[in-house]
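Going down the list, the sequences are from chains A and V.
First residue of the first sequence: 4, per the working numbering; consecutive thereafter.
First residue of the second sequence: -1, per the working numbering; consecutive thereafter.
For each residue, glycine too, the CB sits at the ideal point set by N, CA and C.
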Amino acid sequence: EAGVAQSPRYKIIEKRQSVAFWCNPISGHATLYWYQQILGQGPKLLIQFQNNGVVDDSQLPKDRFSAERLKGVDSTLKIQPAKLEDSAVYLCASSFNNEQFFGPGTRLTVL
Amino acid sequence: GENVEQHPSTLSVQEGDSAVIKCTYSDSASNYFPWYKQELGKGPQLIIDIRSNVGEKKDQRIAVTLNKTAKHFSLHITETQPEDSAVYFCAANSGGGADGLTFGKGTHLIIQP
């Protein structure tokens, strides 16, 4: 069974630029999550989707972050404009029966 | 919201010895407690989990215990091997339909040969 796929794996941008990350969950998983992991810390939930609807986006900085999950499968997370403190690994996860499985993440560096 | 505390931040043990990592949580509505192993440059990997209706669960050299009254849960690794070296995270869900995880800050486990 294929795991959660994410791209790109690495991205370097300058502050105030825009960036987008893509995630393809495990086939059949209705729930999808985006987490932000700052170096040396545990992942922090940004947003949770159930099919193509948002379940929880309480920790998403909505002034600069947006996410969508059209057709209830793939998802994109966008940052516009990026700040230095957005440098982190962005992890996508999908779940079945509470068990969350993570992708390899996208490492973002904002200069 | 949920708050998860994890200790220790670093744990060094001799190969073959046991390792124990402890976590506490704050939200009594949490009912799912997974543990993840993260190696450098990779995403977290689910290694074991426990639900609130169970006190203990074991899978080969790994076991997890849960004390709902005290709101703490622990990971036990026996007969440690060099490949166990990694960062381990505990987590708790929020309960209800929004079940995103709140993670601890991680424990860097070092297995000394």
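Would you say Leu42/A faces chain V, with C-beta separation under 7 Å as the test?
no
At a cut-off of 6 Å, would you count Ser21/A as near the ligand FMN, judging by its Cβ distance to the nearest heavy atom?
Inclusion of the ligand FMN in the displayed structure is not the case, the ligand content being empty and no account of it being possible.
Who are the Cβ neighbours of Val58/A in its own chain at under 7 Å, not counting the five residues just before and after it?
Gln51, Phe52
Please tell me whether Lys103/V has its Cβ less than 7 Å away from any Cβ of chain A.
yes
Going by C-alpha distance, which of Gln58/V, Thr67/V, Leu44/V is nearest Val52/V?
Thr67/V
Answer with yes or no whether the minimum CB distance from Phe105/A to chain V is below 7 Å.
Yes, its Cβ sits closer than 7 Å to a Cβ of chain V.
Would Tyr23/V pass as an interface residue toward chain A - the criterion being a Cβ-Cβ separation below 7 Å?
no
By alpha-carbon positions, which one of Ser10/V, Asp82/V, Gln36/V, Lys40/V ends up nearest to Ile60/V?
For the set Ser10/V, Asp82/V, Gln36/V, Lys40/V, the Cα lying nearest the Cα of Ile60/V is the one of Asp82/V.
Classify Gly39/V: buried if its beta carbon has 16 or more other beta carbons within 10 angstroms, exposed otherwise.
exposed
How about Leu9/V and Thr105/V: do their beta carbons lie closer than 7 Å?
Contact: yes.
Is Ile46/V buried or exposed, if buried means 16 or more other CB atoms sit within 10 Å of its CB?
Within 10 angstroms of the beta-carbon of Ile46/V lie 16 or more other beta-carbons, which makes it buried.
Would you identify the three-state DSSP class for Lys47/A, choosing helix, strand or coil?
strand
What three-state label does DSSP hand Pro80/V in the structure shown?
The answer is helix: DSSP assigns Pro80/V an H, G or I state.
If you draw a straight line from the alpha carbon of Lys55/V to that of Ser61/A, how long is it in whole angstroms?
32 Å
Using only the alpha-carbon positions, how far apart do Asp89/A and Ser72/V sit?
Between Asp89/A and Ser72/V, the C-alpha separation is close to 32 Å.
Indicate whether Ala96/A and Phe105/A have their beta-carbon atoms separated by less than 7 Å.
yes
Do Asp66/A and Asn27/A have their CB atoms nearer than 7 Å?
no
Quick check: is the beta carbon of Gln51/A nearer than 7 Å to any beta carbon in chain V?
yes
On the premise that Arg12/A lies in contact with Ala85/A, defined as a C-beta separation below 8 Å, what is that separation, rounded to the nearest angstrom?
With 8 Å as the limit, Ala85/A and Arg12/A do not qualify as a contact, their Cβ atoms being about 17 Å apart.
Quick one: is Pro111/V buried, meaning 16 or more other Cβ sit within 10 Å of its Cβ, or exposed?
By the neighbour-count rule (16 or more Cβ atoms within 10 Å), Pro111/V is not buried but exposed.
According to the neighbour-count rule (16 or more other Cβ atoms, all chains shown, within 10 Å of its Cβ), is Lys74/A buried or exposed?
Lys74/A comes out exposed.
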